[in-house]
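In our numbering, the protein residues as written are -12 to 298. Where is the CB? At the ideal position from N, CA and C, for every residue including glycine. In this text the structure is predicted, and so the values were computed from the model without any measurement.
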Ligand SMILES: [Zn+2]
């Protein structure tokens, strides 16, 4: 399945995109620090100089750059997209009637909402309906062979994923310096597009529907519609005056292998345009038929704006 991730230009505001790989680096120049310590005694100014030598997360400024391409290609790592889609699907599949069909990490329901200003309070504000339940421990095949519907697709400790996310490469747009001081970074400008592909094997039509729901698709009447979702850093609080992280995942094309059968799709075929729309709507309908009571679609963008304004 070929996917385009579009950084949104929405009427009224533009959104920038910065995706960090989650592997921020602490640059700790041991030799230099040893020198500093040996030449002086501890006092405030030494501590300040000491702290200045340690740089945290400088590498993250470049995490839209592909290190293998010598920093010439702008990318979103497939693992970041996977994490984003999986988390949204877990949050969207909410417990119903005392049963959870999707695990969540951290698993335990929050006993009380985090106080305003503390870590994660905006995330809680957007997803509070989903976060208030205790879903038990997250899936782990080494402890229990049964996994939830999400881990069955995306994998869990001890279980491989049946969906593979490739690297997404920037086709349109450029990086722009945003933020200041320690928050300075290079983000993709509004309207940027990243192209990549997601491949899978042995996925039922309703499971393809779940994958689409994770990407922010829902049924608008009979049509499959992709709404803006939140991805990357600073997505809840923005950066200075800038809004960050509103993207739309758009399926461009679906190709089936020669061994593919069932689900109303042919083998060795390529679907685009109206035919593709039709398959996406069918897949979403199949997911709704199977899991309707559990699916609570949240308009993250609108909820995040509401939380931001209330804060
Ligand atoms: Zn699970």
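Bridge partner(s) assigned by DSSP for residue 183: If you number the chain shown from 1, residue 183 lands on position 196. Residue 183 is bridged to -10.
Considering only heavy atoms of ligand 1, list every residue whose Cβ is less than 7 Å from one of them, following chain order. 89, 90, 125, 126, 134, 135, 137, 138, 143
Alpha-carbon to alpha-carbon, residue 82 and residue 120: Mapped onto the chain shown, residue 120 falls at position 133. Mapped onto the chain shown, residue 82 falls at position 95. Each residue's alpha carbon lies about 7 Å from the other.
Same chain only: Cβ atoms within 6 Å of residue 201, ignoring 5 sequence neighbours per side: Residue mapping note: residue 201 aligns to position 214 of the chain shown, counting from 1. Excluding sequence neighbours, residue 201 sits near 72, 75, 76.
Within a Cβ cutoff of 8 Å, which residues of the same chain sit near residue 210, ignoring the five residues on either side of it in sequence? Locating residue 210 in the chain shown gives position 223, where the first residue counts as 1. Scanning its chain for C-beta atoms nearer than 8 Å, with the 5 sequence neighbours on each side dropped, one finds around residue 210 the residues 264, 268, in chain order.
Does the distance from the CB of residue 181 to the CB of residue 69 come in under 8 Å? Residue 181 sits at position 194 when you count from the first residue of the chain shown. Residue 69 sits at position 82 when you count from the first residue of the chain shown. No, the Cβ-Cβ distance between residue 181 and residue 69 is not below 8 Å.
Helix, strand or coil at residue 6 according to DSSP, with G and I counted as helix: Here the question's residue 6 lines up with position 19 in the chain shown. Looking at residue 6 - three-state DSSP - the assignment turns out to be coil, as it is neither helix nor strand.
Might you give, ordered along the chain, the residues of its own chain that have their beta carbon closer than 8 Å to the beta carbon of residue 6, omitting 5 neighbours on each side? The residue given as residue 6 occupies position 19 in the chain shown. Same-chain partners within the cutoff: 50, 51, 63, 64, 67, 218, 219, 220.
Tell me the rounded alpha-carbon separation between residue 4 and residue 176. The residue given as residue 4 occupies position 17 in the chain shown. The residue given as residue 176 occupies position 189 in the chain shown. The straight-line gap from Cα to Cα measures roughly 7 Å.
Ordered along the chain, which non-local residues of its own chain (more than five positions away) have a Cβ less than 8 Å from that of residue 48? Residue numbering aside, residue 48 sits at position 61 when the chain shown is read from its first letter. Residue placement at residue 48 cannot be trusted, given a pLDDT of 44 that sits under 50; the coordinates are not used to answer.
When you compare only the Cα positions, how much space is there between residue -9 and residue 115? Numbered from 1 along the chain shown, position 4 holds the residue referred to as residue -9. Numbered from 1 along the chain shown, position 128 holds the residue referred to as residue 115. Each residue's Cα considered, the two are about 29 Å apart.
Where residue 79 sits in the DSSP three-state scheme: Here residue 79 refers to the residue found at position 92 of the chain shown. Correct three-state label for residue 79: helix.
Please determine, among 233, 40, 229, the residue with the shortest C-alpha to C-alpha distance to residue 214. Taking the chain shown and counting its residues from 1, the one referred to as residue 214 is at position 227. Cα-wise, what sits closest to residue 214 is 233.
Counting only the same chain and skipping the five closest in sequence on each side, list residues whose C-beta sits under 6 Å from that of residue 126. As a working note, residue 126 is residue 139 in the chain shown. Counting only Cβ-Cβ distances below 6 Å, and skipping sequence neighbours, we find 90, 134, 135, 138, 143.
In three-state terms, what does DSSP make of residue 71? Stepping through the chain shown from its first residue, residue 71 is reached at position 84. Here residue 71 sits in helix by DSSP.
Just to confirm the assignment: which complete alpha helix (DSSP H) runs, minimum length 4, are found wholly within the stretch 177 to 231? 192 to 201
Buried or exposed, going by whether 16 or more other CB atoms sit within 10 Å of the CB of residue 261? Taking the first residue of the chain shown as 1, we reach residue 261 at position 274. Flag for residue 261 reads exposed.
Compare the C-beta of residue 251 against all C-beta atoms of chain B and say whether one is closer than 8 Å. Reference to chain B is not applicable here, since this structure consists of a single protein chain.
Per-residue DSSP class, three states only, for residue 257: Counting from 1 along the chain shown, the entry for residue 257 is found at position 270. Three-state DSSP puts residue 257 in a strand.
For the structure I just gave you, are there three or more beta carbon pairs, one from the stretch 189 to 201 and one from the stretch 153 to 166, closer than 8 Å? no
CA-CA distance, residue 256 and residue 191? In the chain shown, residue 256 corresponds to position 269, counting from 1. In the chain shown, residue 191 corresponds to position 204, counting from 1. Residue 256 and residue 191: Cα-Cα distance of roughly 17 Å.
So, residue 33 versus residue 23, is the Cβ gap smaller than 8 Å? The count along the chain shown starts at 1 and reaches residue 33 at position 46. The count along the chain shown starts at 1 and reaches residue 23 at position 36. Yes. Within cutoff.
To the nearest angstrom, how far is it from the Cα of residue 80 to the Cα of residue 277? What you label residue 80 is simply residue 93 of the chain shown in a count that begins at 1. What you label residue 277 is simply residue 290 of the chain shown in a count that begins at 1. Distance between the alpha carbons of residue 80 and residue 277 is about 12 Å.
Delimiting residues of the alpha helix (DSSP H) encompassing residue 111: Translated into the one-based positions of the chain shown, residue 111 becomes position 124. Here the alpha helix (DSSP H) through residue 111 covers 108 to 118.
Simplified DSSP assignment, three categories, for residue 91: Here residue 91 refers to the residue found at position 104 when the chain shown is read from its first residue. Here residue 91 sits in coil by DSSP.
Let's test the definition: count the other Cβ atoms within 10 Å of the Cβ of residue 254 and tell me whether it reaches 16, buried, or not, exposed. Translated into the one-based positions of the chain shown, residue 254 becomes position 267. With fewer than 16 Cβ atoms within 10 Å of its Cβ, residue 254 is classed as exposed.
If I measure Cβ to Cβ from residue 248 and keep anything under 8 Å in the same chain, skipping five residues before and after, which residues do I get? Within the chain shown, the letter at position 261 stands for residue 248. 254, listed in sequence order.
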